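Numbering (full-length UniProt numbering), first residue to last: 1 to 134.
Some notes on the structure that comes next.
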Amino acid sequence: AFAVLLLVGLAHARPQLLKPLTDAAKAIITKFDTTSNELGEYTYSVESDDGQSRYETRKVINPGTDQETSVVSGYYSYIDPNGDRKTVGYQADENGYYAEGEHLPDSASARRKPPEVGIPPAAVSSLAGGGLGR
């Protein structure tokens, strides 16, 4: 019985090497453009013959200052299983990530704040011997 279970498990867990490639795996890039500069700003666009496309740009704000930040924005689009084009526009900056598209739920379009990074002041005080909350 153990040998039968072992063989069934091995047969079920084997890599799916015999599956045919999907259309996405066969897609051919038909257009690719990119530019960049010494500030780290860039723009690129790519299109493939299966209807997918993407455009993205990064701009540096206040370069060389202590207020330097960047904004990345762009879009991507694809053809869904029903043959409809879906497009998502997005922006990411110091205020978080924002995406919108007609097919996305309203909650997906809500601006997301990045998580706070670092150790809370009360924990730092505790580590320094000050106790929590002091």
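We put the beta carbon where it would ideally sit given N, CA and C, even for glycine.
Since we're looking at a predicted model, the values are computed, not measured.
Beta-carbon proximity list for residue i, same chain, < 6 Å, skipping 5 on both sides
i: E68; result: N62
i: T35; result: T43
i: G89; result: Y75, E100
Beta-carbon proximity of residue i to residue j, cut-off 8 Å
i: S77; j: S53; result: yes
i: V71; j: D93; result: yes
Residue i beta carbon near the ligand HEM (any heavy atom closer than 7 Å)
i: T57; result: Looking for the ligand HEM in the displayed structure turns up nothing, as the structure carries no ligands at all.
According to DSSP, residues forming a beta bridge with residue i
i: G89; result: Y75, E100
Contacts around residue i, its chain only, beta-carbon distance under 8 Å, and the 5 residues preceding and following it disregarded
i: A27; result: S48, D49, D50, Q52
i: L39; result: V60, P63
Same chain, Cβ closer than 7 Å to residue i, five either side skipped, listed in chain order
i: P86; result: A quick correction: the sequence has Lys, not Pro, at residue 86. Same-chain partners within the cutoff: S77, Y78, D80, G101, H103.
i: I29; result: V46, S48
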